[in-house]
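What follows is a set of notes on a single structure, which appears directly below.
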Amino acid sequence: MAGEAVLPRRPTRLVRSNGSGVGRLATARLIATPIVVIGLLALLGRTLSINNVLTLEEVLGLAVFAMATNLLLGYGGLVSFGQAAFYGSGAYMIGLSWLHHWMSFWPAFVLTPVVGAVAALLMGLIALRTRRLYFALLTLAFSELFYQLVNVRYSFTKGATGIFAVSMIPASLAQPRTGYYFTLGVASAAILLLWKITVSPFGLVLRATRENRERAEAIGVNVFRHQLLAFVISGAFCSLAGALFAVYGQSTYPDLLNWTTSGQPLFMAVIGGMFVFLGPALGALLYQVGFQYITQHTHDWQLVLGGALLLVVLFRPDGLSGLVLSNPFASLRRRIRGADSGVTEAEATSILEQVPATVTPRSVDQREQMEVPPDG
Amino acid sequence: MNHRNSTPSDEPRSRPKSGITTISLALAAVALAASACGSSSKSASTPPGSSPSGSSSSSGGTVVVGDATTLSGAIAQLGQTGLQGVELAISDLNAKGGLMGKTIKLVSADDGVTPATGASEVRNMITADHAAAIFGPVASSVAAAEEQVTNQFGVPMFFYTSNDISLMRGGANKYAFQFVPNTLMEPNAVADFFAKQEAGKQLTIATIAPDYSFGHDTVDGFVSALNRLHVNYKLVAQEYPPLTATNISSYLSAIVNANPDYVFNAQFGGDLVNFTQQAQSFGLFQKTKVIAMYDYDVLKTLGSAAPAGSIGFDRAPFWAIPQVASFAAEYKAKYGDYPSEWAIMGYSAVQGWAYAVQKAGSFDASAVSRALTGATVPTIRGDITIRACDHQAEIPEYVGVIASQPDPTYGVRLYSSTFTAPFSDIAPACPGA
Amino acid sequence: MHGAVVDIVSTLSTAGYLFIVSAGLTLIFGAVRVINLAHGSFYMYGAFLLTTIVGLSSGTKFWLAVPVCALALAALGALVEVTVMRRLYEREHLTQLLATFGLLLIFGDLALHLWGTGARTVAPPVPFHGRFTLAGATVPAYDIVVIGVAALVGAGLWLLLTRSMFGWRIRAAVSDPETLACAGVNTKLLMTMVFALGAGLAGLAGAIVSPQSSVAPGIDQAIIVSAFIVTVIGGLGSILGSALGALLIGLAETLGTRYVPDWASTVIYVVLIVVLVARPSGLLGAPER
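Rendered as structure tokens:
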């Protein structure tokens, strides 16, 4: 049995990682929730002011970006500082297609995830050979490399000035509310697809590789391939998010490719909560709206943003969705009892219990424990 | 180290069963709250110029103008001083009773040199603050983004620092006005002066410019102007260090070792200070003259390291424009230092807008735009005509030779002689003309 | 010959500059395994502080001012360690990155208030004010100072870590803090001192390179990427690796500017990628536990 590369059979009914089944009520809720939320957002598209509709349009694109990055971060345990390379590639796909008359908007838009996937495949093949901080910095270097390439080849890309043209997208999409509905549609589809991926066997095994790489390898999981696939999927969706940005802003410029842009979805995932599926989306909303609010009211936005980031990271490591999801008394009780280290052991066990395991879990270093709530 | 072998049921089960539902509801709640805050203010159809409190009487009340520019980072000084010029213009107007009886209120924000940030700030200023006019930023990329927004909402936009000629898109944007010499005018002026000074001689020239469109366009413009003026030159080196690169010694030693007579440098602000300092230590200025945007702020920072005999160009040197003297004193009294070129151009841009509003008798964008196009506006730097075909202000560019002694009045090495390149000589032809 | 000399000096001075700037970062990472983005802030503060102390003059004042800046930043570093960094030791690297990025932003904003938006200059001190010719090539005299200080810092750090009690304790603390604490060593104080030393080195770097480099807002963020890349190429925690990394980058940039000037700004990233492909933990680094 050892060495057999056995992936869990696709369960015949939805099974949560804590082993409990999902009843009919829960299934209904699981289906109804996206319908209700999307419906609500669609309604907002009609009732909000133009300014807020546009803000929400921007947030939707960023939410896709953040959630695609979180596939790597929260689910895969991979801190990539290079996702802006794909984000920017998606935006530039639209921009350059317009600038050089390669193709019209729609074919370009459909091709963006492909562009992102290909770029991610190439980058992943190189970057995934490294681990942890080296991986983070290598992906950062790729991001900066793309940024410099775009800056340098300015006769091709218009360099630091960027490409600004309302006509790079169809006129209908340039109308705020229409553009919003389009973005809502694409983003919803993307997020639903991402959700399916995270609850699929692939997603579960990915989480297992995050928890305990050696153990996953020991039972025959090809960790590299899983991570590479996750990287490619993430790259495709990040690229799509970039195309959505091009729709929102009718522009593309090199800053979309640099490391500070790569950092944004990571902030959003951390602020929103990286172990909750919709956490990054919440983070995107809070960050964007919060940032706009701050810059409107003070020139010292760096002070406020830096302070907020510091406080959230130090005192709310679960992100703000941890606030939403957890019972404050339970967390207080836990803190008093001193039992606030994670239950990584148990979670890893329960996930991998769907796979034959012949090796007993190795004790996990305190440093590598992370809180893992039940999926949702 | 925790070796708890707890089963999942140990974990506090007080969390709700489905995170998705809860988070979605949280998101929806936040979105609703945000929308409630947003739509409680005026709808987008409120005409600009009415006060937020609702009274749109023809006298009294406030009118808002906005400026989203760069206030942090490497180019902060340009944005900061420019904004101060705009601020001073507005407070001077308010001191004289405001505009059409209304007090002018300035809202400003830091764009962080990010186009998307500048664009959403301007959008906020227009929709939430009902800004009647927007004054432009430092970086051309941010300017392009902000211009898209002002065009979309039909609000007048005034550029007074970013000067990319493509911003005016050949006059297609009827609401935008350029109060600063554009990217073609500047190198033309320099080439003009250069040709006059060095007529007939054979020269070797090196160029160095920040590696982005402004740098490339400026260098290309200079070289083609030299060709047009039949200057006898040879290019011995062309370097393009990244914008805001701190260590440029390899670029510099390449130039030094090419031994040129002149170096044309398109860097500005902190980059130029950095370059000059390092070039001093290479002894570049012994045999070479540098031509660069040596304006007041740069010359002041350099102090005794300012390269005497080298050539500087400036879009509005306060010491060389006699009409600006009283403004310079007023600015110094308020902000503690003499005005930069950005401050002067910012002030004149506000004056341009105010003039147009008074001429049109309204704050309406189309009326203001029509009133300003082709008009001649009195400003602190003299009368400025706004060319009809591309909304470019017909202003000169100034070129001078850096003095070897500090100016007795200002204590900084300024220009010993200043050459004013008139607009007619340096301006690009009207598009489609 | 002339070209080669220019290239060699240029490489050495770029490498020296990069090494001085990265040394503190490497030390802190090697000793306490913390990513500190605020390193850029310490660098910038060192430079600005020097300009404040020295003003536009130079001379002996400069040589006195440099250690003052280093000490001041060491003090600031100690303060930061006690208040913030201490809570980050056991955390994931991403958390450390984000927290220290928050610090970077805060310090950046404070600097705007303390020193304004303009650039500042410091003249090189008088004996090194000029230049000299070496085989027909012009070399600024201050380059010698940079190279010299880089060598001193490198040697000093190496000696500190391998030959001194302090260094021994640091290395022990990295492997097994509990046992060290049982042996009676105040590990908390040790960590504070290490971090202070790293910050002091960053301040020293800022002060020393200020005559040759820009002192203006934004240099904190500009330096951070280069410093990290040099550190990572060499292998996190290895001083010698950091020196090698600096040399490699210095060489690549010099050659890049000469032979492929259009692509020179991409060189540093290409080098990082190539090095990490060949050696996934950097030149002399060990894989992270």
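Residue numbers (this note's numbering), protein chains in the order written: chain A, 48 to 423; chain B, 31 to 463; chain C, 56 to 344. Cβ coordinates follow ideal geometry from the N, Cα and C atoms, glycine included.
Check: Nearest residue (CA-CA) to B/Ile374, options B/Gly96, B/Asp97, B/Gln114, B/Ala98; Outcome: B/Gln114
Check: Burial state of A/Ala236 (16 or more Cβ within 10 Å); Outcome: exposed
Check: Span of the beta strand (DSSP E), counted from its first residue to its last, around B/Val168; Outcome: Element bounds for B/Val168: n/a, residue is neither H nor E.
Check: Simplified DSSP assignment, three categories, for A/Gly310; Outcome: helix
Check: First and last residue of the uninterrupted alpha helix (DSSP H) at A/Arg179; Outcome: 179-199
Check: Residues that DSSP places opposite B/Met187 in a beta bridge; Outcome: B/Ile164, B/Ala206
Check: Residues of its chain near A/Val199, where Cβ-Cβ distance is below 8 Å and the 5 sequence neighbours each way are ignored; Outcome: Gly206
Check: Contact under 8 Å by Cβ, B/Met155 with B/Gly96; Outcome: yes
Check: Complete runs of the alpha helix (DSSP H) confined to the region 362-448 of chain B [at least 4 residues]; Outcome: 371-390, 395-402
Check: Beta carbon proximity, B/Ala284 to chain C, threshold 8 Å; Outcome: yes
Check: Counted within 10 angstroms of its Cβ, other Cβ atoms place A/Pro154 as buried (16 or more) or exposed; Outcome: exposed
Check: Buried versus exposed, by CB contacts within 10 Å (16 or more), B/Pro452; Outcome: exposed
Check: Where B/Lys464 falls: helix, strand or coil (DSSP); Outcome: Outside the shown range of chain B (31 to 463) lies residue 464 of chain B, about which nothing can therefore be said.
Check: For C/Arg88, the three-state DSSP class (helix, strand or coil); Outcome: coil
Check: 8 Å Cβ cutoff, A/Ser286 in contact with chain B; Outcome: no
Check: Residue-level contact to chain C via CB, B/Glu2, 8 Å cutoff; Outcome: Beyond the ends of chain B as shown, which are 31 and 463, falls residue 2 of chain B; an answer cannot be given.
Check: Per-residue contacts from C/Arg142 into chain A (C-beta, under 7 Å); Outcome: Leu361
Check: Alpha helix (DSSP H) runs wholly inside the region 106-165 of chain B, at least 4 long, in chain order; Outcome: 106-125, 145-157
Check: Contact the region 367-383 of chain B vs the region 177-192 of chain B: 3+ CB pairs below 8 Å; Outcome: yes
Check: Paired residues, beta bridge with C/Tyr144 - DSSP; Outcome: BP columns for C/Tyr144 are empty, so no partner.
Check: A/Gly121 beta carbon less than 8 Å from that of A/Arg170; Outcome: According to the sequence shown, residue 170 of chain A is Met rather than Arg. Going by C-beta atoms, A/Met170 is not nearer than 8 Å to A/Gly121.
Check: Cβ shell of B/Gln232 (< 7 Å), same chain only, five flanking positions each side left out; Outcome: Asn262
Check: B/Gln418, buried or exposed, once every other Cβ within 10 Å from all chains shown has been counted against 16; Outcome: The sequence shown places Ala at residue 418 of chain B, not Gln. Its Cβ having fewer than 16 others within 10 Å, B/Ala418 is exposed.
Check: Spatial distance of A/Val360 from A/Gly353 (CA atoms); Outcome: 11 Å
Check: Per-residue burial, A/Arg262 [other beta carbons within 10 Å of its own, 16 or more giving buried]; Outcome: buried
Check: 9 Å Cβ cut-off: residues of chain A touching B/Thr147; Outcome: Phe338, Gln339, Thr342
Check: For C/Ile263 and C/Val201, believed in contact at Cβ under 8 Å, the rounded distance; Outcome: 7 Å
Check: Interface residues of the region 124-151 of chain B facing chain A [CB-CB below 9 Å]; Outcome: Val137, Ser138, Ala139, Asp140, Asp141, Gly142, Val143, Thr144, Pro145, Ala146, Thr147, Ala149, Ser150, Glu151
Check: Any non-hydrogen atom of the ligand ZN within 7 Å of A/Ser247 CB; Outcome: This structure lacks the ligand ZN; in fact it carries no ligand of any kind.
Check: Closer than 8 Å at the beta carbon, the chain B residues around C/Ala238; Outcome: None at all; the shortest Cβ gap to chain B is about 20 Å.
Check: Paired residues, beta bridge with C/Arg175 - DSSP; Outcome: C/Val270
Check: Range covered by the beta strand (DSSP E) that runs through B/Ile238; Outcome: 233-238
Check: Neighbour flag for C/Pro335 against chain A, beta carbons, 8 Å; Outcome: yes
Check: Cβ pair count under 8 Å reaching 3, the region 171-191 of chain A against the region 329-336 of chain C; Outcome: yes
Check: Proximal chain C residues relative to A/Phe314, where beta-carbon distance stays under 9 Å; Outcome: Leu153, Phe156
Check: Min CB distance C/Ser320 to chain A below 8 Å; Outcome: yes
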